[in-house]
Amino acid sequence: MYAAPPVATQLPTGSAVVGGAATVSQAGAVMQINQATPRAAINWQTFNVGSAATVNIAQPNASSVLLNRVLDTNASQIFGKVNANGQVFLVNPNGVYFAPSASVNVGSFLATTANISTADFMAGLSTFSAGGATGSIINDGNLTAALGGYIALLAPSVINNGVVIAQMGTVALAAGNVYELQFAGNTLSNVQVSASAVDAFVSNGNAIYAPGGLIILSAQAAHQIQGGVIGNTGVLDATGMTNSGGVIRLTASSTINVGGVIKADAAPNSVGNGGKVDIIADLTNSNSKTNVTGTITAKGGDLGGNGGQVDTSGAHVDVAETASVNTLAKNGTSGSWTLDPDGYVIAATGGDMTGAQVTSALTTNGIVTIASTNGTNPTNTSGNVDVNDNITWNNNQLVLTATKSVNVNAQLAVSGTGSLAINTAAANPAAPEVGLNYGLNSAGFYGSTTFTQSGAGYLTINGLGYTVVNTLAQVQNINANLNLNYALGASLDASATATWNLDIPSGFYAGFIPVGSVAAPLNGHFEGLGNTISNLYVTPVTSAAAVGFIGSVGTAPNLIENIGLIGGTVGRAFGGATPSSAQSGFLLGEGAAVVVRNSYATGNVIGGAHSGGLVGEMAIGAIYGSYATGAVTGGGDSFGGLLGFMSTGSIANSYATGNVDGGANTGGLVGQYSSGTVKNVYATGNVNGAANTGGLVGYYTSGTLGIAYATGNVTGAANVGGLVGAKTSGTVTSTYATGTVGGASGISGLIGGGDQTFITDSFSTGVVPGATILPSSYNTPYGSLSSNYYVPADGSTPYLIPLATTVYVTPDNMSQIYNGLAFSGTGTSTFSAPVVNPVGTLVYTIPALTDVGTSVISVSGYTGSQKYNYVYKTGTLSVTPATLTVTANNATKVYGAATPTLSNTITGYKNGENISVVTGSATPTTTTTVASGVGGSVLVATPGNLASGNYVFTYANGTLNITPAALSVTTDASTKVYGAALPTFSSTVVGLVNGDTTSAPTYTSTGSASSA
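Quick look at the structure:
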């Protein structure tokens, strides 16, 4: 607690030397402490310094340390001066207050509410324990350390509204339980802070300067939501003194609010490097947050040197429109800004940062890195980086790093010397769902990356360099070097390929030559970047194997992803025994080991054996998140709307809608797979084949088929099923088929021939005519279907929820400025995909939040429909502080008089509140003295230690008017003899102050020499 301010001449009282050797003496308002040993400890009954008092401490050298332990039940108040040439520790568990008039000039200085035993101190230890102390350290004055020294303020609550300076040294403001000062030689290099049981708070509202040095702000508490908070609205400046910038480190267990100005620039007109700024809210706390609203710079020197590094981390990192980060170097390599959350969303609204902000950041930083940290939090975006807003840049590098996936649902446009690096969890046959995803739906891509430049050096993905191709000629020329990774840098119209490569004898055009062949496959990755190739014609003049945009890939694990092929044709019908090319697929003819992700084709395929609408044949591989809508026709076995043949692998989250017409082992999605998993898939096209023909799968030997359906009509010979033509073994679960089925034998609404066991949670509804019809004992009654289904109340056909379009319903964030009333509002939501004719009504749960803070908005209410699977997320309700205006009340004084008692008026209270909601006090300051002349001078409204949970403060100055002092001038009586000349007159002046004088007045008299 704070007692009344000390009298002007107050000095510390009740000294007792308890360690080392020191003497204390006093002369008037000056105290002299002489320390005789390298370390000394003094216990004080009180330690207060009045505004006109001074404490001088003489120490053996700059390495000497004096511990001052205060036994008072009140906080120490420093209004005057403390001077020392060494290190001074001031320990008071009740707190320390430095008034605006305070001036501390020392070698180094530590003020803390935590304690250290005399024995530990004398032994050279520097660990302080709070021991339940709850006092605060508040600085409104000026604290200055010597060159290379330090200022450390350690308490559960540390507030700086003054000025702290440590040139080439360290300033540390820390809140927690145990503080360990760590030194490198005589330099304070770190303060290790352990979490406190009470809330920890550190605030800087004015200025902290450590030119070329180190600034530490740390708040650590056990409570994960509101426990450890740092706020900066002032200046943190570690600009280099003569060369490179220093280091600024902010760490908190909960929240860091980064406003004001933070600078770690190289010294002006130097060749120094920019410094380092680390702003890290505890990444192990899923509720931690870093809010960036101010300016951060770590620029290189004007004459040379590189830019510095800025790191803003936390489970959540929010960057406001007002934020600015600059690590440029005029004559060196620009620096970097890293955002390191647990997941990140770039969006025009409702995200953590807008695309415009990223674009701007790429003009002021050499590298901008957005990196998710761990992905252990089960929320939807944890571990992902989602780009939902456009970003455009023409120099510098954008790095997107995710522990799971990078999802691009907007347009990235790169030009000039700009570059892009993407790092994700590696997609592979066992985990094809993670990686780089461009927004894709049935209408095509709604996210992409384009490059105006081509060649190498502009794109890396998971550490691999990609060669960018953005013209048809460059794409075709990939065949000149099949051992590189390639990326499509622009969407292309390939209509011209219809008349490429004329075969004169036949008069046919071969069109585009597939990238790679069986003899010379592509031994690299192909990244589409969400771009498309329209009207591509791959029409070989003679029958060949491996026909498609990419003909063949090699045995090394290869990745083909994020490419769309619109319209056009792959293949040609030749007639005869081999009517067309085997292993034909619009995207890929065949692959020994390949993952195809997030890609689609809409053109028709004419092929031979092992042909599909997207991929012809896979030996080992996976297809994930892809689709094909074109018709697949030809002759031979193993035809599929998506994939012709797979030996081992998986198909997931994929579909086909085109009609399929082939031979044996023909399916609406896949013709044949020998082993693996097919899940979350469907096919809607009609299927016509020979033996083993199914609406979804023609034939599979073993594996798992689950969460799948087929709706097309199916016609074949033996073994014809609405879902599967035939299976040898394996499980089928959560599947259904609705198409009409016809064939010669082995006909079933679900599975035609072969093994009829291990079929669960499945049904068929299609018409099955014919003489030989297999039993439908697998038909599960609707009422017994699993939770994978939505079962309409009207008895209509159930549908599989995982195959419905997933729509994320996110309540829009809401806010109000504190008004003393509970929040009341109507909710709205943002949808991740369009919703047509929703069933039900959204119901919002919006907390009636009154005080400043945040709370969760939730929503629910839409019921299922056959098109949508709703996933409800949460929004945030924020109540932000209202503003109180602190106005210095005008005052008047007479010239020469003392300054009157000054006061403030606080206005702006809400809902009838008054001064009772404000803690602390503030007094206007003035430079006026008793000697100040007549006129007006400014009364400066200062923050003092004012605080209020629901308000912030602005300040309005007042005026101190100085009026003239009154003088009394009395003319002294005089006499003269008649006829004599007038005597010399004189007068008495009363009221002069400050040693002022006045010139003699002019006298007049009605008398004359002849007057009596």
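Under my numbering, read the sequence shown as residues 1 to 1012, first letter to last. No residue lacks a Cβ here, since even glycine has one placed at the ideal position from N, Cα and C.
Asked, Found
"Tell me, which residues are paired with Trp337 by DSSP?", "Val310, Val368"
"Specify, as a first and last residue, the run of the alpha helix (DSSP H) that Ala473 falls within.", "472-476"
"Given Arg69, which residues of its chain have a CB within under 6 Å of its CB, disregarding the five upstream and five downstream residues?", "Asn43, Val91"
"Suppose the cutoff is 7 Å on Cβ atoms and the five residues either side in sequence are ignored; what does the same chain contact list for Phe953 look like?", "Leu884, Val886, Pro943, Leu946"
"Exposed or buried, Glu561, counting other C-beta atoms within 10 Å across all chains shown (16 or more means buried)?", "buried"
"Taking 6 Å as the limit between beta carbons, can you name the residues of its chain near Phe526, skipping five residues before and five after?", "Tyr486, Ile560"
"Locate the alpha helix (DSSP H) running through Thr851, then write down its first and last residues.", "The sequence given here has Asp at residue 851, not Thr. Note, Asp851: premise wrong, no alpha helix (DSSP H); not H, not E."
"Counting only the same chain and skipping the five closest in sequence on each side, list residues whose C-beta sits under 6 Å from that of Asn423.", "Thr401, Asn462"
"Does the beta-carbon distance from Thr735 to Val714 come in below 8 Å?", "no"
"Going by CA-CA distance only, name the one from Val670, Ala573, Ser948 that's closest to Ser647.", "Val670"
"Tell me whether Ala27 is buried or exposed, calling it buried when 16 or more other Cβ atoms sit within 10 Å of its Cβ.", "exposed"
"As a quick exercise: from Gly305, Leu154, Val977, Asn83, pick the residue whose alpha carbon is nearest that of Pro93.", "Leu154"
"For Val993, which three-state DSSP category applies?", "coil"
"So what does DSSP say about Val1014, is it helix, strand or coil?", "Nothing in the structure corresponds to residue 1014, since the chain is present only between 1 and 1012."
"If we require 3 or more residues per run, which beta strand (DSSP E) segments fall completely within the segment 621-675?", "632-634, 643-656"
"Can the beta-carbon of Val1014 be found less than 8 Å from the beta-carbon of Thr666?", "In the structure displayed, the chain extends from 1 to 1012; residue 1014 sits before or after that span and is not available."
"What does a CB cutoff of less than 6 Å around Ser986 pick up in its chain, not counting 5 residues either side in sequence?", "Asp972"
"When you compare only the Cα positions, how much space is there between Val918 and Gly300?", "44 Å"
"From which residue to which residue does the alpha helix (DSSP H) around Ala119 run?", "118-122"
"Assuming Ala888 and Asn813 form a contact by the criterion Cβ under 8 Å, report the distance between their Cβ atoms to the nearest whole angstrom.", "Their Cβ separation, rounded to whole angstroms, is 37 Å, which puts Ala888 and Asn813 out of contact at 8 Å."
"Which residue comes first and which comes last in the beta strand (DSSP E) that contains Val178?", "178-184"
"Which partner residues of Met236 appear in the DSSP bridge assignment?", "Checking the sequence, you will find Leu at residue 236 rather than Met. DSSP lists Ile208, Ile262 as partners of Leu236."
"When the Cα atoms are used, what is the spatial distance from Thr46 to Thr13?", "5 Å"
"Three-state secondary structure (DSSP) at Val605?", "strand"
"Cα-Cα, which of Pro38, Thr449, Tyr790 is closest to Ala123?", "Pro38"
"Rounded to the nearest angstrom, what separates Arg249 and Val596 at their Cα positions?", "44 Å"
"What does the alpha-carbon distance come out to for the pair Ala622 and Val594?", "7 Å"
"Quick one: using the 10 Å Cβ neighbour count with 16 as the cut-off for buried, is Ile817 buried or exposed?", "exposed"
"From the DSSP output, in three-state form, read off Asn562 for me.", "strand"
"Should Ile225 be labelled buried (16 or more other beta-carbon atoms within 10 Å of its own) or exposed?", "For Ile225, the pLDDT reaches just 49, beneath the cut-off of 50, and the residue's location in the model is therefore unreliable, leaving the point undetermined."
"Using a threshold of 8 Å, state whether the C-beta atoms of Thr959 and Gly933 are closer than that.", "no"
"With a CB to CB cut of under 7 Å and the five nearest residues on each side skipped, what residues in its chain are close to Phe183?", "Ser189"
"On the criterion of 16 or more Cβ atoms from any shown chain inside 10 Å, does Val632 qualify as buried, or is it exposed?", "buried"
"Note down the Cα distance separating Gly332 from Asn326, rounded to an integer number of angstroms.", "14 Å"
"Taking 8 Å as the cut-off, does the segment 606-617 touch the segment 637-644 (at least 3 CB pairs, one atom from each stretch)?", "yes"
"Suppose you measure from the CA of Ile208 to the CA of Ile230; what does that come to, to the nearest Å?", "14 Å"
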